[in-house]
Amino acid sequence: MLVDRRIFAHFDFALLIAALLVPIFGILVLFSAGYSPDSTATIMGLPIRSYPAFKQLVFLGVGIIAMFIGLSLSSLALERWAYGFYAVCVSMLVAVLLFGNVSKGARRWLNFGAFNIQPSEITKIAIILALARYLSRMSLPKKGLDFKHLIIPALMLLIPAFLDAKQPDLGTAIVSAAVGGMMLLFIGIRLRVIVTICLFGAIVAVPAWNHLHDYQRMRILTLFNPEADPMGAGYHLNQSKIAVGSGGFLGKGFLKGTQTQLEFLPEHTTDFVFSVLAEEQGFIGSFLLIALYAALVTLLLRVVTRTRSLFNSLVAFGMASMIFFHTVVNLGMVTGILPVVGITLPMFSYGGSSLISMLFGIGIVLGISMRRFAI
Amino acid sequence: MSRQTSFERAGININLRVQLAFLALAIFFTMVLVRVWYLQIVKGDYFRALSENNRIRVVYVPPERGVIYDRNAEILAKNRPSFNIELVIEDVPDITATLAKLEQILSLESGSLGIKNRYQNKRKPFEARLILRDVSRDMVAKVAARKFELPGVIVGVVPARDYIHGPIAAHVLGYIREITRSQLSSERYSRYLQGEVVGQYGLEDRYEEMLQGIRGLQRVEVNARGTRIGESSFEPERAGNNLFLTLDLDVQRAADQAFENSKGAIVAMHVETGEILALSSSATFDPNIFSSEVSSKVWNDLAYGKDKKLTNRALQGAYPPGSVFKIFMAIAALAEGVVSVKETVFCPGFYRFAGRDYRCHKKSGHGSVDLNAAVAQSCDVYFYLVGQRLGVDRIHTWATQFGLGLPTGLTLGNENAGLVPSSAWKARRFKRKEDQKWYPGETLSVAIGQGAVTSTPIQIARGIAAVVNGGRVLQPWIVKKVVSSDGTVIDEMSKAKVETKVSVDPKILEIVKNTMVSVVADPRGTGHRARLELFPDIKVGGKTGTSQVVSAKYYGQREEFEDHAWFAGFAPADKPEIVVAALVEHGGHGGAAAAPKVKSVMQAYFMKQYQQFGKPMPVSSPVAKPKDEGPVSD
């Protein structure tokens, strides 16, 4: 296929800019979160004061390449390779459980010599593509999906979600299931199915609760009473709320957040990175970032309506759902309205696998948007 | 060209779905934004304060406790650094293993170490917990040498009290110890903090507010691991005030050392001013033990053991004064005119009263005795007669005038008032009608300092001082000066505080004083052993006492039934400066057990006078042991 001039004319620069602003903004905040003034590390003669920020910058470079790969893939190619890609990802998840590296009590990483990758991140993209292919190819019933239509999609979602939960990585399992669920809702599900699932959910809630790890249960309980155990399960949440709240309107200033710099705030480069921003840049910074995410999700959703292909729409909607769900759950968690489940702030939290996968996914959506008139 | 399904063909209303998605987006992002606004704007100040509270840790700097000096500025109690072994729980991977390792390194009994749980409730993260208090430098070195095997184990430095003379003056100085839970909740200690050390006994307790000082307040910036990053403000601590006592270390030491294994008390007081020169109680203790951990076994022995080591017998021990009481009887008799100085009484060894024989301590009898001989030889029969003539209520009035039966008001506190009985007292004391009546036979017991009458050594000291200083009953005092750390005198006491003046003809006091001189000077006198061999020119006056503990049939069978021995003396006889009262529990005869102790205290006093003023001169060679062993019977 020759490159059409219209392709460039219709390039979604707004989405590209929004997608790049988030990680750039993130790297600035990571510089503060990972700041160690006494560090003597240098790379190519440059002093490195914040190792996470430096690495995230490298990841961003790799991510931009991944984004252009995603952008260059036609939807035909994507559809053709969707199942294969899904199969490779699920195999990697199995491999993680068998040979993965353990860190902080969870087995989440596959070692490839020079670097580690976290297969569960790229699997989220694979699920979106595979589910989009399956749903766009089936003959859709008028009244929406019934039980029999849901068996295969449910398996496609639950197999990787189960493997994620085994690591354990409850956050990713929940995101995978939620994104899949939103895609199914997009297609349409019969009301009786929804009602049944809700009833079933209520019934299995108790055994599921009993099956959770103690720390996971405590995190849910402390949501309702964080002061009950301020040194234990409530510690993360309390320190995060203190960091966010103490930022006030203008914030304490870059590198001046005491919760961050004195390490009262746990996981401040990953799950709680928003608290760093909120502490140092105040409500102004928080508002800007939330607005940026709103813009990003809006731009992704805009692509959903701009393509006439159901597969493309589902992929764009899946990506929008994923960014949206990640953002809302993470912000809800760090501000104390949702339990602490370990979901990162997309493209903002430190993490290469996540950033590169997300940019690859957005690259795919950029490609879909770009080719919307190229028939 | 596409095989792909378009959503028109699929019959999906794409716009409706995307609009619903926008709606969800708007709702959820607004919720998050409102939440952030609530935390940052509405509750911003609250969380700002919490973050400051995280960052800033208030560290209290313990003030230097005031030093206690004797009257010549010799140190009695000062401060020294003390090393505690502490544990930072967050840095310890396995507490049980670390404690076991520590026990092994310090060669302690397995299982002996544990975390003192006193900070359990209020502990901040990474705040150290106490494991071992006041360890030796040797132990500190052992821990330091192997610190890589002991993660989380640190050595903390705190000030500890150093009583440099050990048990000398222990009951006066007292001791300090960590504030107790009940003290913390009391009004007196309302400004104290958990873990602070306060005076628990003696002057340390009585003058706690003076000695303590004001703690410094340091606000330090810490990180989440409790490591200090910087200091944000500092209010310096203020050292406590120093106390200068009226005690003389050398006199005190002589008093303390006079008791070897015996129990009892010695009070040495200035006759004219009421300054306490020595106040000693035995059995005693070393207050230094309280700077390290005191096991409950040691504590129980100190407080409740057979020797009652924590009891200050000089103030709290009320004993029958025995024949020492006869001095006050003699003054009462002369003042009331019931006997004349010349009148003689025949002592056949007993006194018959109401069909019963009241025995004199000398079975063979003293023969004819006048007042002087009766005091010098301590004839009981003479005083039975005097007692009978006076009656108990006049005895009560006169003894009370000399301060017996009344607390002396020494600022050490917790005094036993003793007791001088009267008919009114008996009527008050007993419920049953038949018990309330005073029997004349009881008066006879009181007349020789037995029966219900009890006195403390400090009461006897000031009573005798009043006899020889012209009837001035003084309030004894022990703290001369309170001086702040920068040298400002806060409180100073210089002259005697006269409590009461006994209204009695000075001539009578002079007569009785002279009889006391005979007690020591007369070779037949019961207090002959109180003479100062080192200062033969200094005449001593005094009175022995031997007070019965139980009835005579148990006499001598067991130590517990042996008599209490008393001696109260003053010197120099012509112009008294010092009065010394000694009591030896179950010591036997006053002349044998108590008088030599008074002598050694007086000699220490005059030796000090010689060192300071060049007089009085002691004999050049105080070696010749005097031949005398004067009568010991009483």
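Note that the protein sequences, when read in sequence, are chains A and B. Using this note's numbering, read the first sequence as starting at 7 and increasing by one per residue. Using this note's numbering, read the second sequence as starting at -5 and increasing by one per residue. By construction, the Cβ of each residue, glycine as well, lies at the ideal position given by its N, Cα and C atoms.
Non-local C-beta neighbours of B/Gln194 in its own chain, meaning closer than 7 Å and more than five positions away in sequence, comprise Gly168, Tyr169, Ile170, Arg171, ordered along the chain.
Contact check for A/Ser38 and A/Glu286: beta-carbon distance about 6 Å, within the 8 Å limit, so the pair qualifies. For the pair A/Val310 and B/Ile21, the CB atoms are not nearer than the 8 Å cut-off. Judged by DSSP in its simplified three-state form, A/Ile203 adopts helix. The alpha carbon of A/Val201 has as its nearest neighbour, out of A/Leu365, A/Phe153, A/Val371, the alpha carbon of A/Phe153.
Within the region 19 to 38 of chain B, the residues whose Cβ lies closer than 7 Å to some Cβ of chain A are Leu19, Phe22, Phe23, Val26, Leu27, Arg29, Val30, Trp31, Leu33, Gln34, Ile35, Lys37, Gly38, listed in chain order. Three or more beta-carbon pairs drawn from the region 25 to 36 of chain A and the region 65 to 77 of chain A are found closer than 8 Å, and the two stretches are therefore classed as touching.
With the criterion set as a beta carbon lying under 7 Å from some beta carbon of chain A, the region 68 to 102 of chain B has no members that meet it. Residue pairing by DSSP places B/Gln212 opposite B/Val53, B/Phe228 in a beta bridge.
Residues of the region 189 to 201 of chain A that bring their beta carbon within less than 8 Å of a beta carbon in chain B comprise Phe192, Ile193, Gly194, in sequence order.
Legend: CB atoms of the region 264 to 290 of chain A lying less than 7 Å from CB atoms of chain B belong to residues Thr264, Gln265, Leu268, Glu269, Phe270, Ala284, Gly288, Phe289. Between the alpha carbons of B/Asn255 and B/Lys591 lies a distance of about 13 Å. Residues of the region 288 to 308 of chain A with a Cβ closer than 9 Å to any Cβ of chain B, in chain order: Gly288, Phe289, Ser292, Phe293, Ile296, Ala297, Tyr299, Ala300, Val303, Thr304, Leu307, Arg308. Contact of B/Ala312 with chain A is not assigned, every C-beta pair being separated by 8 Å or more. Per the DSSP secondary-structure output, B/His558 pairs in a beta bridge with B/Ser541. Only exposed fits B/Pro230, as fewer than 16 other CB atoms lie within 10 angstroms of its CB.
Assignment of beta-bridge partners to B/Arg307 by DSSP yields no partner. Between B/Val147 and B/Val137 a beta carbon distance of about 6 Å is seen, short of the 8 Å cut, so the two are scored as contacting. Contiguous alpha helix (DSSP H) elements confined to the region 263 to 331 of chain A occur at 264 to 267, 279 to 312, taking only those with 4 or more residues. At least one beta carbon of chain B lies nearer than 8 Å to the beta carbon of A/Thr311. In the DSSP assignment, B/Ser362 falls within the unbroken beta strand (DSSP E) covering 361 to 363. The DSSP-derived three-state label of B/Gln251 is helix.
The shortest C-alpha to C-alpha distance from B/Gln34 to any of A/Ser292, A/Met328, A/Phe317 is the one to A/Ser292. In the three-state scheme derived from DSSP, where H, G and I count as helix and E and B as strand, A/Val181 is classed as helix. Looking at the backbone, the Cα of A/Phe17 and that of A/Leu372 are separated by about 7 Å. Secondary-structure assignment with DSSP links A/Ile49 through a beta bridge to A/Leu52. Among the residues facing chain B, A/Ser319 is included, as its CB has a counterpart in that chain under 8 Å away. Excluding sequence positions up to five before and after B/Gly457, its CB lies within less than 7 Å of the CB of Phe322, Phe396, Gly397, Leu398, all in the same chain and listed in chain order. Among the bridge pairs identified by DSSP, A/Ala132 is matched with none. Between A/Ala284 and A/Leu306 the beta-carbon gap is near 24 Å, outside 8 Å, which marks them as no contact. For the 8 Å CB-CB criterion, B/His583 and B/Tyr313 do not form a contact.
Annotation: the continuous alpha helix (DSSP H) that includes A/Asp170 extends over 153 to 172.
CA-to-CA, the gap between A/Glu269 and A/Lys262 works out to about 12 Å. In this model, B/His360 and B/Val496 are separated by some 32 Å (Cα to Cα).
For B/Glu493, the secondary structure class from DSSP, reduced to helix, strand or coil, is strand. Around the beta carbon of B/Asp128, 16 or more other beta carbons lie within 10 angstroms, which makes this residue buried.
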